[in-house]
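A.B. asks:
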Amino acid sequence: MTGYFTHRDCWKHEMGRGHPECPARLDAIEDRLLITGLGNALDRREAPLAPMGDLELAHDRRYMASLRGLSDNLREEIDAGGPTHAQLDPDTSLNVSTWDAALRAAGAALAATDAVLGGELENAFCAVRPPGHHACRDHAMGFCFLNNVAIAARYALARHGLQRVAIVDFDVHHGNGTEDIVAGDERILMVSFFQHPFYPEGGSRSSAGNLVNLPVPAYTLGPQVRELIEQAWMPRLEAFAPEMIFVSAGFDAHREDDLGQLGLVEQDYGWITQRIKDVARRHANGRIVSCLEGGYNLSALARSVEAHIRVLADV
Ligand SMILES: [Zn+2]
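Numbering (this note's numbering), first residue to last: 33 to 347.
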């Protein structure tokens, strides 16, 4: 059975009118699951709030205290008639619900990890926001606050005693935050492809032996990406033999997405998911926890998530 983790708090975080990382993204996914009937095939669960002690597996304690403090201050300022958002970088800001939404997003990844490792679910998709893969050990950036996937990967190692886990990141942007947290941690293999040169810059060379970075130029199409995945991801994943796989599932490499210039279509996401599943079946007893990252064209996002979940759930 495939789990589907989300929480209404993830809708309440918003970063201002017209911001592409908006609550409507989750509505688009939910609508698609409803009209296709795919939602009926999933085990839907409420995401809990992540405990602070688990966030510290990937983040600096002072950073989390400052984020929480900013959230508390914002509440007081709003009561006093001040601004509704606290700006952290040019495109990342908090509203009063951001902290709780971020705790639910990380909590979804942790609860999904527990359920999959406990044998209740074969795999799981976390329909959450804010996303996480740009969140670094000690700072927020690029629409991200807490690195949901890095937290869950470390949690599987620390709390469940796994020896080796893989992180697969297929967002159009380089997962610099995840790299910042896991580079050099030999218990984790991170494989990714991303448009380059592009936001957030960097990543063109793998900075540590446990990273497989595949920078690809703008306008690269699905068949070329599939070829690269076969050549560069698959041998490393097979050799590493992960006991569990975490996915940073961003769908902004879709050709209809205006935040990136790659040319993937939903069938490519189905194909990539199948390749991840093949590795998981051979080495990890099928265990996959996938977390939503980017994807900003609402229609393309919904169709791509559907393709991803259809393969996870085998329906
Ligand atoms: Zn992205």
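Think of the CB as a built atom: it goes at the ideal place given N, C-alpha and C, for glycine as much as any other residue.
Keep in mind it's a predicted model, so treat the numbers as computed, not measured.
Helix, strand or coil: how does DSSP classify His166 here?
C.D. replies: Reduced to three states, the DSSP call for His166 is coil.
A.B. asks: Hey, is Gly209 close to ligand 1, as in C-beta under 7 angstroms from one of its heavy atoms?
C.D. replies: Every heavy atom of ligand 1 is 7 angstroms or more from the Cβ of Gly209, so no.
A.B. asks: What is the rounded straight-line gap between the Cα of Asn127 and the Cα of Ile199?
C.D. replies: About 29 angstroms.
A.B. asks: Need the endpoints of the beta strand (DSSP E) that Asn245 sits in, please.
C.D. replies: Looking at the DSSP string, the run of the beta strand (DSSP E) that includes Asn245 is 243-248.
A.B. asks: Assign Arg76 to one of three DSSP states: helix, strand, or coil.
C.D. replies: Of the three classes helix, strand and coil, the one that applies to Arg76 here is strand, per DSSP.
A.B. asks: Have a look at Ser236 and Phe226 and give me their C-alpha separation to the nearest angstrom.
C.D. replies: Straight-line Cα distance between these residues: approximately 9 angstroms.
A.B. asks: Taking DSSP as the reference, what is the three-state secondary structure of Ser103?
C.D. replies: Helix.
A.B. asks: Between Ala143 and the rest of its own chain, which residues show a CB-CB distance below 8 angstroms, the 5 nearest in sequence each way excluded?
C.D. replies: The answer, listed in chain order, is Phe37, Arg77, Ala79, Pro80.
A.B. asks: Taking only three categories from DSSP, how would you classify Val311?
C.D. replies: DSSP places Val311 in helix when its eight states are reduced to three.
A.B. asks: Would you list the residues sitting across from Ile199 in a DSSP beta bridge?
C.D. replies: In the DSSP output, where bridge partners are listed per residue, Ile199 has Met222, Phe278.
A.B. asks: Check each candidate in Glu338, Gly207, Arg191 and name the one with the smallest Cα separation from His179.
C.D. replies: Note that residue 179 is Asn in the sequence shown, not His. Answer by Cα proximity: Gly207.
A.B. asks: Helix, strand or coil, according to DSSP, for Gly71 in the structure here?
C.D. replies: Helix at Gly71.
A.B. asks: Taking DSSP's pairing of strands, which residues face Gly295 in a bridge?
C.D. replies: Note: Gly295 sits in a beta bridge opposite Leu253.
A.B. asks: Could you pull out every residue in the same chain whose Cβ sits closer than 7 angstroms to the Cβ of Thr305, ignoring the five residues on either side in sequence?
C.D. replies: Excluding residues within five positions, the ones whose Cβ falls inside 7 angstroms are His340, Val343, Leu344.
A.B. asks: Taking only three categories from DSSP, how would you classify Pro139?
C.D. replies: The question names Pro, yet the displayed sequence has Gly at residue 139. Helix.
A.B. asks: Check the DSSP bridge columns for Ile286 and list the partner residues they point to.
C.D. replies: This sequence places His at residue 286; Ile is not what is there. For His286, which the question treats as bridged, DSSP gives the partners Leu296.
A.B. asks: Just reading off the alpha helix (DSSP H) that Phe272 is part of, what are its end residues?
C.D. replies: It spans 266-272 - the alpha helix (DSSP H) in which Phe272 sits, taken as one unbroken run.
A.B. asks: Shortest alpha-carbon distance to Arg40 belongs to which of Arg49, Ser125, Pro52, Glu62?
C.D. replies: Ranking the options by Cα distance to Arg40, first place goes to Glu62.
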